[in-house]
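J.:
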């Protein structure tokens, strides 16, 4: 049985504010998910590379690295992760309000796409609901996804790797009013916009508990293993006949002849606030606002 680690708090003291405007430090309000191992490579604050300031956040996920909660286990659900999660919920992502998130992300040039599997680099989840309120998926067809399966294409993966990309996201978690309800800026330019509410109707009459997650989250990873390796006999006999979305729910107990590629992702200058001016790293640079870290 796996020894699931207790979660640990990371970053600045809770409640700390970034310099300039009303923006808060995201790193002050997150903790790492419970993981299947304690190896130091999973997460570190590093001094290079950075977008601005002295430190950036480095995440690394390898074959078989999983997360778990009280009622969930990645390793038995065809998934893996190393993620920070908003703690407590609703401290950054506030129900019935518009929230601005700003951060920079570096996907190294040697990043290997999982093909038809998914690598999610940023999402907001609602407690008790399976699909994220929004999520950023990077694979052969990178996209932004909403609970109603509306998508915004993010363009070629090659346009995202090998350099720092500055992201600014506006998400309005209310179910009425005037749009836009979602905007995503990439390097200062609007890439995605949505004018209708995205919170599912089933959640609109109940108290929401929202939480930002970021790091590396992989799903349906057995699709990659089956495509690039060989399908184990046990999988072919026991699981291929099932009505499943991927070859195996428990991919890490089998020998596929290949392993998942190691993914390393960097995040920096992570802020949240009530306006774009509070969080957009490019606008903050222009005003001479110091780095958040």
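In the numbering used here, the protein residues as written are 3 to 295.
Note that CB positions come from ideal geometry on N, CA and C, so glycine has one too.
As the structure is a computational prediction, the values presented were derived from the model and not from experiment.
1. What is the rounded straight-line gap between the Cα of residue 216 and the Cα of residue 60?
2. From residue 100 to residue 236, what distance separates their C-alpha atoms?
3. Just tell me which of 155, 149, 218, 288 has its CA closest to the CA of residue 205.
4. According to DSSP, which residues form a beta bridge with residue 45?
5. Determine the direct distance from the alpha carbon of residue 164 to that of residue 42, and round the result to whole angstroms.
6. Work out the CA separation of residue 118 and residue 211 for me, nearest whole Å.
7. Output the distance between the C-alpha atoms of residue 263 and residue 207, rounded to the nearest integer angstrom.
8. Using the Cα positions of residue 142 and residue 182, report the straight-line distance between them to the nearest angstrom.
9. Please report the distance separating the alpha-carbon of residue 109 from that of residue 36.
10. Can at least three beta-carbon pairs, one atom from the region 223-231 and one from the region 172-189, be found at a separation below 8 Å?
11. Any idea which residues DSSP pairs residue 230 with across the strands?
12. Counting pairs of Cβ atoms below 8 Å between the region 53-68 and the region 264-282, do you hit three or more?
13. Would you mind working out which of 160, 252, 196 sits nearest residue 151, comparing C-alpha positions?
14. Express the C-alpha separation of residue 279 and residue 23 in angstroms, rounding to a whole number.
15. State the start and end residues of the unbroken alpha helix (DSSP H) segment that holds residue 280.
16. Can the beta-carbon of residue 2 be found closer than 9 Å to that of residue 116?
17. So, helix, strand or coil for residue 287, using DSSP?
18. Residue 265 bridges to which residues according to DSSP?
19. Considering only the alpha carbon of each residue, which of 63, 26, 31 lies closest to residue 265?
20. Taking the alpha-carbon positions, what's the residue 26 to residue 213 distance?
21. Kindly list the residues whose CB is nearer than 6 Å to the CB of residue 261, restricted to its own chain and excluding five residues on each side of it in sequence; keep chain order.
22. Give the secondary structure of residue 170 by DSSP, where H, G and I count as helix, E and B as strand, and everything else as coil.
T.: Looking at the atomic coordinates:
1. On the chain shown, position 214 is the one that residue 216 refers to. On the chain shown, position 58 is the one that residue 60 refers to. Distance between the alpha carbons of residue 216 and residue 60 is about 11 Å.
2. What you label residue 100 is simply residue 98 of the chain shown in a count that begins at 1. What you label residue 236 is simply residue 234 of the chain shown in a count that begins at 1. So the alpha carbons of these two residues sit roughly 49 Å apart.
3. Taking the first residue of the chain shown as position 1, residue 205 is located at position 203. Comparing Cα-Cα distances from residue 205 to each of 155, 149, 218, 288, the minimum goes to 149.
4. The residue labelled residue 45 in the question sits at position 43 within the chain shown. Residue 45 pairs with 61.
5. Counting from one through the chain shown, the residue named residue 42 turns up at place 40. Counting from one through the chain shown, the residue named residue 164 turns up at place 162. Whole-angstrom Cα-Cα distance: 24 Å.
6. As a first step, residue 211 must be located in the chain shown, where it is residue number 209. As a first step, residue 118 must be located in the chain shown, where it is residue number 116. Roughly 30 Å between the two C-alpha positions.
7. The residue given as residue 263 occupies position 261 in the chain shown. The residue given as residue 207 occupies position 205 in the chain shown. Taking the straight line joining both Cα atoms gives about 42 Å.
8. To locate residue 142, count along the chain shown from 1; it is residue 140. To locate residue 182, count along the chain shown from 1; it is residue 180. Distance from the CA atom of residue 142 to the CA atom of residue 182, rounded to whole angstroms, is 28 Å.
9. Start at 1 with the first residue of the chain shown, and residue 109 comes out as number 107. Start at 1 with the first residue of the chain shown, and residue 36 comes out as number 34. One C-alpha to the other measures close to 24 Å.
10. no
11. To locate residue 230, count along the chain shown from 1; it is residue 228. Residue 230 pairs with nothing; no bridge assigned.
12. Of all C-beta pairs linking the region 53-68 to the region 264-282, three or more are shorter than 8 Å, placing the two stretches in contact.
13. In the chain shown, residue 151 corresponds to position 149, counting from 1. Ranking the options by Cα distance to residue 151, first place goes to 196.
14. Numbered from its first residue, the chain shown carries residue 23 at position 21. Numbered from its first residue, the chain shown carries residue 279 at position 277. Low confidence applies here, because residue 23 scores a pLDDT of 42, under 50, leaving its location unreliable and the question unanswered by this model.
15. Within the chain shown, numbered from 1, the residue matching residue 280 stands at position 278. Run containing residue 280: 278-281, per the alpha helix (DSSP H) assignment.
16. In this structure the chain extends from 3 to 295, so residue 2 is not present and cannot be described.
17. For the purposes of this step, residue 287 is identified with residue 285 of the chain shown, where counting begins at 1. In this structure, residue 287 counts as helix in the three-state DSSP scheme.
18. Along the chain shown, one-based indexing puts residue 265 at 263. For residue 265, which the question treats as bridged, DSSP gives the partners 63.
19. Here residue 265 refers to the residue found at position 263 when the chain shown is read from its first residue. Among 63, 26, 31, the Cα nearest to that of residue 265 is on 63.
20. Numbered from 1 along the chain shown, position 24 holds the residue referred to as residue 26. Numbered from 1 along the chain shown, position 211 holds the residue referred to as residue 213. About 15 Å.
21. For the purposes of this step, residue 261 is taken as the residue at position 259 of the chain shown. Cβ neighbours of residue 261 beyond the five flanking positions: 65.
22. For this step, residue 170 is matched to residue 168 along the chain shown. It is a strand residue.
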